[in-house]
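Colleague: Let me begin by handing over the structure; questions about it come next.
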Amino acid sequence: MDSSSLRRTASPVLLAISTLFLLLSPHVHSASSPPPPPPPSPISLSFPPFSPSNLLCQFDKSLNLSADLICTPSNPPGQIVFSYDNDVISTRYQYKKPVQLWKKGSPYAASFSTQFTLQFHRDAERSVKRVFGGGIAFAVTPTIDAGDSGPESFGLFKIDDASGKAAGGKNPKTVAVEIDTSRDVTYSWDPQIPHVGLDISSVNSVASKFLWNGTAFIDRKIAVFIDYDAQKEVLAVRFQNVSASGKADKAKSTLFLSYAGLSLGKTVNEMSYVGFSSRVPVTTDGVYILYDWSFSTQWVLKKK
Ligand SMILES: *[C@@H]1O[C@H](CO)[C@@H](O)[C@H](O)[C@H]1NC(C)=O
Ligand SMILES: *[C@@H]1O[C@H](CO)[C@@H](O)[C@H](O)[C@H]1NC(C)=O
Ligand SMILES: *[C@@H]1O[C@H](CO)[C@@H](O)[C@H](O)[C@H]1NC(C)=O
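In case it helps, mature numbering (1 follows the signal peptide of the UniProt record, and there is no 0) puts the sequence shown at residues -30 to -1, 1 to 274.
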C-alpha cells in the first residue's frame, strides 16, 4: 500500500490522532535505529543416551526394515552400531527436530560446534585391504530422509557419479563434512582415502585432506571436532586419536581442515536437520560405531 492509498483509506480522525502523536513524540525524528530483535534461542544436544525418541534412523524405505536393524544399540548399551546384514546401505541418523541456523532479516546467525567419537571397526575375518561401507559424514540437510540418494553419496543426495555434483543441477541445500573411506576409481575427482572433505551441495569437496594410513585409521576410536564460526564464515575440522578407555579432548586434537567462505545462510535452510549420513557396511565386513555426539549453536552478529 503506498502513502496515497493510505491517505485515501485512513479516516480523518485517525490521521489527526497520529499527527498529534508524531508532534508529541520526542524520539520519532532521532537518527538512532531501534536495537535489532534478539536472536533465536541457541540449542545444545548431547548423546549418549542415544534415544529413538530424539534421533531417527532413516534409510531406503522400500526395504521395509526395522530401524534398529541398521542403527543398533550396542550390548551393553551406550553406543550405536551402524551396519546392515545384507548389503551396503545409505543411512541417515539425525536429530528429529530441525535446528535453526540463521534467520531471515536478522543480523544474527548461528555458529555451531559439534563433536563425535567413532570407530570404523572391521570384522576380524576380513582381509586388510578390503574397504567396508563408504564412510560417514556429519551433515546439515533440508530433510531427515536419505530419499533416493543412491549409494555413492553417503546418503546425502543423488549425485552425478562422473562429477560428484548433485544430479540434475539440483540444489540439495546440504553442507557435510565427509570422512571418506571408499573411492570409485572410475573417476578421478575423489582424492586418496581415507580423507576428510567439506561438501557444499556436492560430494566433490571444496576442500579435503588425506587423513592417515588407512590401516592405522580403522579399528580405533577417533574423535572429530567441527566448529563453524558464522561471523568469520570459517569451518574447521579437527581429529584426535582416542585410546580405548580415553575421552575426546579438543586440546589434544590436530587441525586438518579450515575453510573460509562458507555462509550457511546462503547454503542451507534456516531450519535444517543435523546428524549423520553414511553408507554403512555389510555386517560381515565390519561396522561403524558411534560413541558420543554433541552439537550446540551460539548466535553471533553476522559479517556486515
Ligand atoms: C512391512 O513389514 C511388516 C512387518 O513384517 C509387514 O506387516 C508389512 O506388511 C510390510 N509392508 C510392506 C509394504 O511390505
Ligand atoms: C600403516 O599402519 C599400520 C598399522 O599401524 C602399519 O603396520 C603399517 O606399517 C603402516 N603403513 C605405512 C605405509 O606407514
Ligand atoms: C593417529 O595415529 C596414527 C598412527 O599412529 C597417526 O598416523 C595419525 O597421525 C594420528 N592422528 C592424529 C589426529 O593424531
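We treat Cβ as the ideally placed atom computed from N, Cα and C, and that holds for glycine.
At a cut of 8 Å, does the segment 61 to 73 reach the segment 24 to 38 through at least three beta carbon pairs?
Modeller: yes
Colleague: Looking at the structure shown, is Pro9 part of a helix, part of a strand, or coil, going by DSSP?
Modeller: coil
Colleague: Look at the alpha carbon of Leu39 and the alpha carbon of Ile50, and state the distance between them as a whole number of angstroms.
Modeller: 11 Å
Colleague: Could you give the DSSP three-state label for Asp38: helix, strand or coil?
Modeller: When DSSP states are grouped into helix, strand and coil, Asp38 belongs to the helix group.
Colleague: How many angstroms separate the CA atom of Gln210 from the CA atom of Pro164?
Modeller: 15 Å
Colleague: What is the DSSP secondary structure of Ala221, counted as helix, strand or coil?
Modeller: helix
Colleague: Going by DSSP, name the residue or residues bridged to Phe127.
Modeller: According to DSSP, which records beta bridges pairwise, Phe127 is partnered with nothing at all.
Colleague: Which residue marks the beginning of the beta strand (DSSP E) containing Phe108, and which one marks its end?
Modeller: Gly105 to Thr111
Colleague: Classify Arg249 as buried or exposed, calling it buried when 16 or more other Cβ atoms lie within 10 Å of its own Cβ.
Modeller: buried
Colleague: Looking at Ser223 and ligand 3, is the gap between the Cβ and the nearest heavy atom below 8 Å?
Modeller: yes
Colleague: So is the beta-carbon of Asn211 under 8 Å away from any non-hydrogen atom of ligand 2?
Modeller: no
Colleague: Should Val207 go down as buried or exposed, given a rule of 16 or more other Cβ atoms within 10 Å for buried?
Modeller: Label assigned to Val207: buried.
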